[in-house]
Amino acid sequence: MFGSQLPMAQRYADALAGAGVERGLIGPREIDRLWERHLLNCAVVAVRCPEHSTVADVGSGAGLPGLVWAIARPDLHVTLVEPLLRRTQFLQEVVDELGLRNVVVLRSRAEEVDDTYDVVTARAVAGLDKLAKWCWPLVATGGVLLALKGRTAAEEIATAKRTLGRLGVRDTVVRTYGDLEVPTTVVELSR
Numbered sequence: 095m096f097g098s099q100l101p102m103a104q105r106y107a108d109a110l111a112g113a114g115v116e117r118g119l120i121g122p123r124e125i126d127r128l129w130e131r132h133l134l135n136c137a138v139v140a141v142r143c144p145e146h147s148t149v150a151d152v153g154s155g156a157g158l159p160g161l162v163w164a165i166a167r168p169d170l171h172v173t174l175v176e177p178l179l180r181r182t183q184f185l186q187e188v189v190d191e192l193g194l195r196n197v198v199v200l201r202s203r204a205e206e207v208d209d210t211y212d213v214v215t216a217r218a219v220a221g222l223d224k225l226a227k228w229c230w231p232l233v234a235t236g237g238v239l240l241a242l243k244g245r246t247a248a249e250e251i252a253t254a255k256r257t258l259g260r261l262g263v264r265d266t267v268v269r270t271y272g273d274l275e276v277p278t279t280v281v282e283l284s285r
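Be aware that the sequence shown starts at 95, since it is given in the working numbering, and climbs by one per residue.
Shown next, in the form of structure tokens:
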């Protein structure tokens, strides 16, 4: 999934296992399953991004999935949107250390961002109802919101149905990605 970028992905994994744990961005019990549950879980979805897309990762936290996508797909232009200072500091340190020129770290809440993007994504941020309200204004015409969800995806869609209708979501699809022990479930909302 990472091809020639695998050494860079390993350096990111090392940062998550070190400073990421020390700063409370990743739990210490996650280290043993860092690749399967976090890095690969995110990387498998990067294929869904059209070439040279602009991407916003809302509530980026430790950089999942945004940093993973930026490493796996250097053609993407990724903005990591994160309101908390300690997280944005970690993200900027990782971006600088890895020399990622296709990534911008933006300390902001989604509601304060004025730009639009081809792809907007979020992982473990909020239920789909809230997430759609925050993220939908960032999705460019013809763009997509990729919400990385778990087994509750269908339930979240049902709960958010009225909100999605009010927002003008054109299509809602649930897809799974990856030949992993637990495939990644994504709710895709199209504009």
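Note that beta-carbon positions come from the ideal geometry of N, C-alpha and C, so glycine has one too.
The DSSP-derived three-state label of R269 is strand.
Under the three-state reduction of DSSP, H146 is assigned to coil, being neither helix nor strand. For G114, the closest of L128, N135, M102 by C-alpha to C-alpha distance is L128. In this structure, T182 keeps its C-beta atom at 9 Å or more from the C-beta atom of V149.
In this structure, the straight-line span from the alpha carbon of C229 to that of R167 is close to 22 Å. Straight through space, the alpha carbons of R269 and G259 are spaced by roughly 20 Å.
For A252, the closest C-alpha among the options V267, V141, D169 is that of V267.
The region 227–279 is shown to contain whole alpha helix (DSSP H) runs of 4 or more residues at 247–261, in chain order. Take K255, set aside five residues on each side of it, and no residue of its chain has a beta-carbon closer than 8 Å to its own. A direct Cα-to-Cα measurement between E187 and V198 gives close to 12 Å. Of L242, L283, V238, G244, the smallest CA-CA separation from T257 is found for L283.
Contact annotation: the region 206–219 touches the region 148–163, with at least three C-beta pairs closer than 8 Å. Within its own chain, the residues whose Cβ lies closer than 6 Å to the Cβ of C136, once the five positions on either side in sequence are excluded, are L158, P159, V162, listed in chain order.
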